[in-house]
Amino acid sequence: MSCIFCDILSGVRDSHMIYEDASHVAFLDKYPIDVGHSLVVPKNHHERITDMNHESVGNMFSIVPKIANAVLTATGADAFSLAQNNGRAAKQIIPHVHIHIIPRYNHKGTIWTKRSISTSDELSVLAEKIKTLLV
1 MSCIFCDILS
11 GVRDSHMIYE
21 DASHVAFLDK
31 YPIDVGHSLV
41 VPKNHHERIT
51 DMNHESVGNM
61 FSIVPKIANA
71 VLTATGADAF
81 SLAQNNGRAA
91 KQIIPHVHIH
101 IIPRYNHKGT
111 IWTKRSISTS
121 DELSVLAEKI
131 KTLLV
């Protein structure tokens, strides 16, 4: 079975990358719950977080604050939510471990189920803005 995130990592699919290190990438969600919704993804394929060793899990979560701060600054969001789903019953859509960083805005409220489709140009502009904050 093909994995969308593995395809992004190998360059088969496009993404709006905002961060990369030796073991992880982060990119903007193509169908964001809100503006700036980003995904932190380990480069090694694991379907569930329980398939990873504790050090790898810790390393993945340790980069979340840095990325979240850049997303908050770039978007002007008031807060953010984190989500990490494991398995189909938990609404994990892509079977590759990932952490959602979802910006939240006081004037919009918190809705988990709403998704929108951003244009590639909108995502490109935002990705560049976030990347400059991560340098």
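Residue numbers for the sequence shown follow my numbering, beginning at 1 and rising by one.
The beta-carbon is built from N, C-alpha and C at its ideal position, and this holds for glycine as well.
**Spatial distance of G11 from M17 (CA atoms)** = For the purposes of this step, residue 11 is taken as residue 11 along the sequence shown, with counting starting at 1. For the purposes of this step, residue 17 is taken as residue 17 along the sequence shown, with counting starting at 1. The alpha-carbon separation between G11 and M17 amounts to approximately 11 Å.
**Asked** Where do the N-terminal and C-terminal ends of the alpha helix (DSSP H) with P32 fall, by residue?
**Response** Counting from 1 along the sequence shown, the entry for residue 32 is found at position 32. Note, P32: premise wrong, no alpha helix (DSSP H); not H, not E.
**Asked** Do V35 and H98 have their C-beta atoms closer together than 8 Å?
**Response** Residue numbering aside, residue 35 sits at position 35 when the sequence shown is read from its first letter. Residue numbering aside, residue 98 sits at position 98 when the sequence shown is read from its first letter. H98 is positioned such that its CB atom lies no closer than 8 Å to that of V35.
**Request:** Keeping to the same chain, check which residues put their C-beta closer than 8 Å to that of I49; ignore five residues upstream and five downstream.
**Result:** Position 49 of the sequence shown, counting from 1, holds the residue named residue 49. V57, Q84, N86 and V97.
**Distance between H46 and I4 (C-alpha atoms, nearest Å)** = One-based indexing of the sequence shown puts residue 4 at position 4. One-based indexing of the sequence shown puts residue 46 at position 46. The alpha-carbon of I4 is positioned some 13 Å away from that of H46.
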